[in-house]
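Student:
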Amino acid sequence: MFDCVAGEFEVDPARTIMVGDRLDTDILMGNDCGLTTLLTLTGVTALDEVRGHQDSGCPARHSLVPDYYVNSIADLLPALGE
Numbered sequence: 005m006f007d008c009v010a011g012e013f014e015v016d017p018a019r020t021i022m023v024g025d026r027l028d029t030d031i032l033m034g035n036d037c038g039l040t041t042l043l044t045l046t047g048v049t050a051l052d053e054v055r056g057h058q059d060s061g062c063p064a065r066h067s068l069v070p071d072y073y074v075n076s077i078a079d080l081l082p083a084l085g086e
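Under my numbering, the sequence shown has 46 at position 42, and the numbering climbs by one with no breaks.
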C-alpha cells in the first residue's frame, strides 16, 4: 500500500512517519516500509504489550515495536505548531 502512495506522490520514506494505534497493522507496516513509526496509546495497544515485544528475543516481534509513542495524538499538537 505504501509503495503505491509513495510512487504516486513522490513520498520520501526518510521524511515520513507512520502514526497508528495498532502494533500488528499500523506499526508493522511502517517498520516494513522503512518509515519512522509512532504509536498512540489511545487505541487498542498498551505500553506493556510494546515492552513485551521489545524484550523478546524474537525478530518478528521486534518489527512490532514503534520508534516512538505518545499517550494521545493530542500530545503532538505543540510540536506541529513549531
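For every residue, glycine included, the Cβ atom is placed at its ideal position computed from N, Cα and C.
In this text the structure is predicted, and so the values were computed from the model without any measurement.
1) Please look up how many angstroms separate the CB atoms of D16 and L42, rounded, as I've assumed it's under 8 Å.
2) Helix, strand or coil: how does DSSP classify M22 here?
3) I need the DSSP call for T1, collapsed to helix, strand or coil.
4) In three-state DSSP terms, what is V54?
5) Answer with buried or exposed for I21, where buried requires no fewer than 16 other C-beta atoms within 10 angstroms of its C-beta.
Tutor: For this structure:
1) That belief does not hold up - the Cβ atoms of D16 and L42 are roughly 17 Å apart, past 8 Å.
2) Correct three-state label for M22: strand.
3) The structure shown does not extend to residue 1, since the chain is modelled only from 5 to 86, so the question has no answer here.
4) Here V54 sits in helix by DSSP.
5) In summary, I21 is exposed, with fewer than 16 beta-carbon neighbours lying within 10 Å of its beta-carbon over all protein chains present.
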